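Peer 1: The following block contains the structure, expressed as structure tokens.
In my numbering, the protein residues as written are 804 to 1545.
So this is what it looks like as structure tokens:
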């Protein structure tokens, strides 16, 4: 074959003349080549009755490099409806049929000679319209299709069943050379792919496109710009390949923009060079509304784990900015409206909201519902109050939809690389969101996902609320230890950092201890500790309340400090012993804090919130990084699933007994020196109250009965005894108020 013959050119002079286009092919297609499905997917079919004798059989393949990739993981077609635009001799569809396509439509310009060639080739290989291919029933047809003509497009669409789950795969080769036809071609592609099923499938509906560079880069770029701007298509350049000038035996070489291209006659690029794109109207696994930092990071996390996410924001410009910057080069797609978002999702649709809690959540739900179908799922990943989640579950289930209130913990970094997720709500939603949630969630030291279904109703947000309370308690305990080390023991910041470093090697090992160590040794530009320059106030976002004394108004405390007196005594004891006492007091206070948190969860479960305590452990381990401590808690509940309180577990009972003497010394010393330690002191008071057989509630009950006739029970009668009212003054009547709890 001579060097001026192009094995890959689409049009010979005769075919070009059909469109009244000037000859741009270099050389002639030449004769056909041997074909065997078993060996090469590049060759010829036997020439019969003139069919295929004037057309190169290589034309319709997605790219020269991927002629053998149809049907494998790169270009999967099994059980798909394969449609060829500009099919030529139909080789691509024939290969797809051999590789398991369910149905093949070979379309080209409605010219008698072209359609005849296609039909004869199919009949030569497969017989009549329906034939068993390797034990599979493949249905095929050949259609004339003029782009932009409703009648011919209607013929193609008539073969698409909108109720089917069959994906649609379009193949196109060298069809971009007529710029005036671009919009008509794109309009037809859009019309076909928009009918593709939204249900989950291993094959995405898309169009595989190749174009020779002899079409000109400007023309090709113009086509894909129209695809993006006018139709909202996702365009991906897959690669660029070149075939040797003297035939296929020279091999296929991947080339890039920086590789010089051979020049031939007519000052043209080598027509053997091909660029390949995939053009598709993406069907996403999940949609996410809200592109603040948490929303963006969760989307990127999902993308990293192989899920296609459709992003939407009330301000659409933010979607464009996100796609052009943080999401550039990913599989993330954008939506221009709520309707657009819903149209791009697999069913059942899964839409996650990361917006401000409260009315904004209800407003978005109201906007989404008109575009949903029965069984679709709305997920609220914000900081909603659990009663709102309970209400939303009931309201949406009554309309046939599913609702999940999911606590998301871990902050910006957690959202990006692995948060703790606490989903609860409509149980039927869990199988559909579980693969996504457990893939993106952080993993424990044993590899367990920090995500599991925590229960019905508002369980997810309830667990998040308790989780935050435990976390804030931990932080306050650490803050009080810091103040004791600084103001009582008298350590400087480097010394305190080293103390926290040592504590992090033992039973206090945690993320919060670790970052406290780093904060204390961090110096500002002037070499002084930065933490000392930070304003002495603290805020909260509504998901938990700071119990620290620092939550009081700063100006009020400064003014009070000049009026109210405190003790003048200074600590004069053994500093090393005091540091060890503080360590043990921290551990005891931590155990008590967790015991209180689990008491709250158990009470919620008793009140039919349907929480499952065994599933709580991974969330706390991830957020506060206590692999050792949380392992001990897990062991406690595994050994006794009906454990009423963590303090009653033998392991923790032993630890508390060991730590309490130090705990008492720290609290008493703090009181004597006037150092506020509300977390330490209330934890110790809770412990003493919990371990006491009797507390003065008997006097409280008597007081309530005295002034309000609220009645009381006698100790001798037990909790099921009669409720009694006493006329304490001799002036009251015998009628008692109804009994209630305060």
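Backbone N, C-alpha and C define an ideal beta-carbon position, used for all residues, glycine too.
Predicted model only: the values in this text are computed from it and were never measured.
Looking at residue 1157: is its Cβ nearer than 9 Å to the Cβ of residue 1205?
Peer 2: It is not a contact, given that the beta carbons lie outside the stated cut-off.
Peer 1: What are the start and end residues of each continuous beta strand (DSSP E) run of 3 or more residues lying completely inside the segment 1200-1288, in chain order?
Peer 2: Entirely contained in the segment 1200-1288, the beta strand (DSSP E) runs reaching 3 residues are, in chain order, 1205-1212, 1223-1228.
Peer 1: Going by DSSP in three states, residue 1123 sits in which element: helix, strand or coil?
Peer 2: It is helical.
Peer 1: Applying the 10 Å Cβ sphere with the 16-neighbour rule, what's the burial state of residue 1508?
Peer 2: Buried: at least 16 other Cβ atoms inside 10 Å.
Peer 1: Pick helix, strand or coil for residue 924, following the three-state DSSP scheme.
Peer 2: Reduced to three states, the DSSP call for residue 924 is helix.
Peer 1: Please report how far the alpha carbon of residue 1304 lies from the alpha carbon of residue 1388, in whole angstroms.
Peer 2: Their backbone Cα atoms lie some 17 Å apart in a straight line.
Peer 1: So residue 1029 and residue 1097 are in contact, right, with Cβ under 8 Å, and what is the actual spacing, rounded?
Peer 2: Going by Cβ atoms, the distance from residue 1029 to residue 1097 rounds to 35 Å, so no, they are not a contact pair.
Peer 1: Can you tell me whether residue 977 is buried or exposed, with buried defined as 16 or more other CB within 10 angstroms of its CB?
Peer 2: Looking at its Cβ environment, which holds 16 or more other Cβ atoms inside 10 Å, residue 977 is buried.
Peer 1: Just to confirm, are residue 1264 and residue 1192 a CB contact at a threshold of 9 Å?
Peer 2: Yes, Cβ-Cβ distance for residue 1264 and residue 1192 is below 9 Å.
Peer 1: Closer than 8 Å by C-beta to residue 1307: which residues in its own chain qualify, once you throw out the five before and the five after it? Chain order, please.
Peer 2: The answer, listed in chain order, is 1313, 1316, 1317, 1320.
Peer 1: Which residue wins for smallest C-alpha separation from residue 1140, given the options 1201, 1173, 1293?
Peer 2: With distances taken between Cα atoms, residue 1140 lies closest to 1173.
Peer 1: I need the DSSP call for residue 1014, collapsed to helix, strand or coil.
Peer 2: Note: residue 1014 maps to strand in three-state DSSP.
Peer 1: Helix, strand or coil: how does DSSP classify residue 1438 here?
Peer 2: Of the three classes helix, strand and coil, the one that applies to residue 1438 here is helix, per DSSP.
Peer 1: With a threshold of 16 other CB atoms inside 10 Å of the CB of residue 843, please say whether the residue is buried or exposed.
Peer 2: With a pLDDT of 22 at residue 843, under the threshold of 50, the modelled position of that residue is not reliable, and the figure given next carries that caveat. Exposed: under 16 other Cβ atoms inside 10 Å.
Peer 1: Can you give me the Cβ contacts of residue 1199 inside the same chain, cut-off strictly under 6 Å, excluding the 5 residues immediately before and after it?
Peer 2: Answer for residue 1199: 1206, listed in chain order.
Peer 1: Under three-state DSSP, which class holds residue 1022?
Peer 2: It is helical.
Peer 1: Between the C-alpha atoms of residue 1244 and residue 1218, what's the straight-line distance to the nearest angstrom?
Peer 2: Approximately 8 Å, taken between the alpha carbons.
Peer 1: Which residues bound the alpha helix (DSSP H) around residue 1454?
Peer 2: Residue 1454 -> alpha helix (DSSP H) spans 1453-1476.
Peer 1: Does DSSP put residue 859 in a helix, in a strand, or in coil?
Peer 2: With a pLDDT of only 27 at residue 859, under 50, the local geometry of the prediction cannot be trusted, and no value is derived from it.
Peer 1: From 979, 991, 925, 1295, pick the residue whose C-alpha is nearest to that of residue 953; which is it?
Peer 2: Nearest option by C-alpha distance: 991.
Peer 1: What residue from 1255, 1247, 1378 has the CA that sits closest to residue 1293's CA?
Peer 2: Closest option to residue 1293, Cα to Cα, is 1378.
Peer 1: Which whole-angstrom value describes the C-beta separation of residue 1487 and residue 1466, a residue pair presumed to lie in contact below a C-beta threshold of 8 Å?
Peer 2: Contact holds; Cβ gap of about 6 Å.
Peer 1: Can you grab the Cα-Cα spacing for the pair residue 1521 / residue 1493, in whole Å?
Peer 2: Each residue's alpha carbon lies about 19 Å from the other.
Peer 1: Hey, could you find the ends of the beta strand (DSSP E) residue 895 is sitting in?
Peer 2: Element bounds for residue 895: not the beta strand (DSSP E) but the alpha helix (DSSP H), 894-901.
Peer 1: Quick check on residue 1542: buried or exposed, where buried means 16 or more other Cβ atoms within 10 Å of its Cβ?
Peer 2: Any reading at residue 1542 is ruled out, since the residue's pLDDT is 49, under 50, leaving its predicted position unreliable.
Peer 1: Going by C-alpha to C-alpha distance, which of 1023, 1180, 1241, 1210 sits closest to residue 1108?
Peer 2: Residue 1241 is the option with its Cα nearest to residue 1108.
Peer 1: Taking three-plus beta-carbon pairs below 8 Å as touching, is the segment 1497-1505 in contact with the segment 1394-1409?
Peer 2: Result no; under three Cβ-Cβ pairs closer than 8 Å.
Peer 1: Output yes or no for whether 9 Å exceeds the beta carbon distance between residue 1221 and residue 1257.
Peer 2: Contact flag unset, no.
Peer 1: Does DSSP classify residue 835 as helix, strand or coil?
Peer 2: In this prediction, residue 835 scores a pLDDT of 25, lower than 50, which makes its location untrustworthy; the coordinate-derived value is nonetheless stated afterwards. Reduced to three states, the DSSP call for residue 835 is coil.
Peer 1: With respect to the alpha helix (DSSP H) encompassing residue 1546, which residues constitute its N-terminal and C-terminal limits?
Peer 2: Because the chain in this structure spans residues 804 to 1545, residue 1546 falls outside the shown range and cannot be described.
Peer 1: For residue 1129, I'd like the list of residues in its chain whose CB is within less than 8 Å of its CB, leaving aside the five on either flank, ordered along the chain.
Peer 2: So the list reads 1099, 1103, once near-sequence residues are dropped.
Peer 1: DSSP on residue 976, reduced to helix/strand/coil?
Peer 2: DSSP places residue 976 in strand when its eight states are reduced to three.
Peer 1: Could you say if the segment 1122-1138 and the segment 1272-1281 meet the contact criterion of at least three C-beta pairs nearer than 8 Å?
Peer 2: Counting Cβ pairs under 8 Å, fewer than three are found: no touch.
Peer 1: Please return the same chain residues whose Cβ sits closer than 7 Å to the Cβ of residue 957, not counting the five positions on each side in sequence.
Peer 2: Excluding positions up to five away in sequence, the list is empty.
Peer 1: So what does residue 1506 bridge to, in DSSP terms?
Peer 2: Looking at the DSSP assignment, residue 1506 forms no beta bridge with any residue, so it has no partner.
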